[in-house]
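**Student:**
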Amino acid sequence: MKSKIEGRHVIALEVEDKPGVLTRISALFSRRGFNVESLTVGHTHQPGVSRFTIVVVGAEAELEQVRKQTQKLINVLKTFHVLDQEEASDLELTQGGAKNVQHAVMRELALVKVHYDKESARQINHIVERFSARMLHWSGEDLVLEFSGTEAKVDAVFEELKQVTVLESVRTGKVAMSIETK
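For the sequence shown, UniProt numbering assigns the number 1 to the initial residue and increments by one for each residue that follows.
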């Protein structure tokens, strides 16, 4: 019996860095009706190999079918379902020791440009200190900050930033690193 319970899932893929890979992968998820919440792609330490981290919403059983189908795509080297180590204790029981499931550390990055003046300095400095931000650029009244951490931490940063004037912001999707030994 297939599970119809919808949830957020993270799939990681290692692929050959070739033209058309992104199109084939996104088309597969789209055809199966999965909403992709975020997609992060970057080079790995291996020349010619990139890593996709895809956050999707859908039923777990159907997602496993899509994961198996992505494994069959040309240029896809490896796929696995990723569980955040902070959520793993609750989800481990539902996975039943499933193959191709890895526990991982997950992080997001946000860059935020804020208006910085006498009135906002105290609040911004408090946010920078509280969330261990890095100040990347300052030009008179504009300050560019970098925040990284769990999804919950980055959400909290954006909640705190509602108290100041945000001029521009961008946020990555999740990236994941397996904590399991091979």
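Yeah, the Cβ is synthetic: ideal placement off N, Cα and C, and Gly gets one too.
What residue range does the alpha helix (DSSP H) around residue 185 cover?
**Tutor:** The chain is shown from 1 up to 182; residue 185 falls before or after that span and cannot be answered.
**Student:** Out of LYS78, VAL112 and ASN35, which one is the CA nearest neighbour of GLU159?
**Tutor:** Checking every option, the nearest Cα to that of GLU159 belongs to VAL112.
**Student:** How about VAL56 and ALA176: do their beta carbons lie closer than 9 Å?
**Tutor:** Against a cut-off of 9 Å, the Cβ pair of ALA176 and VAL56 comes out as no contact.
**Student:** LEU145: which of VAL41, THR70, ILE127 and PHE52 sits nearest, CA to CA?
**Tutor:** For the residues VAL41, THR70, ILE127 and PHE52, the minimum Cα distance to LEU145 belongs to ILE127.
**Student:** Do three or more CB pairs link the region 7 to 19 to the region 49 to 64 at distances below 8 Å?
**Tutor:** Short answer: they touch.
**Student:** Do you know offhand how far GLN163's Cα is from SER38's?
**Tutor:** GLN163 and SER38: Cα-Cα distance of roughly 26 Å.
**Student:** For residue 217 and ASP142, I'd like the C-alpha separation in whole angstroms.
**Tutor:** Because the chain is modelled from 1 through 182, residue 217 falls outside the range shown and cannot be assessed.
**Student:** Nearest by alpha-carbon distance to GLY173: which of THR23, GLN85, THR79 and SER148 is it?
**Tutor:** When only C-alpha atoms are compared, the closest one is SER148.
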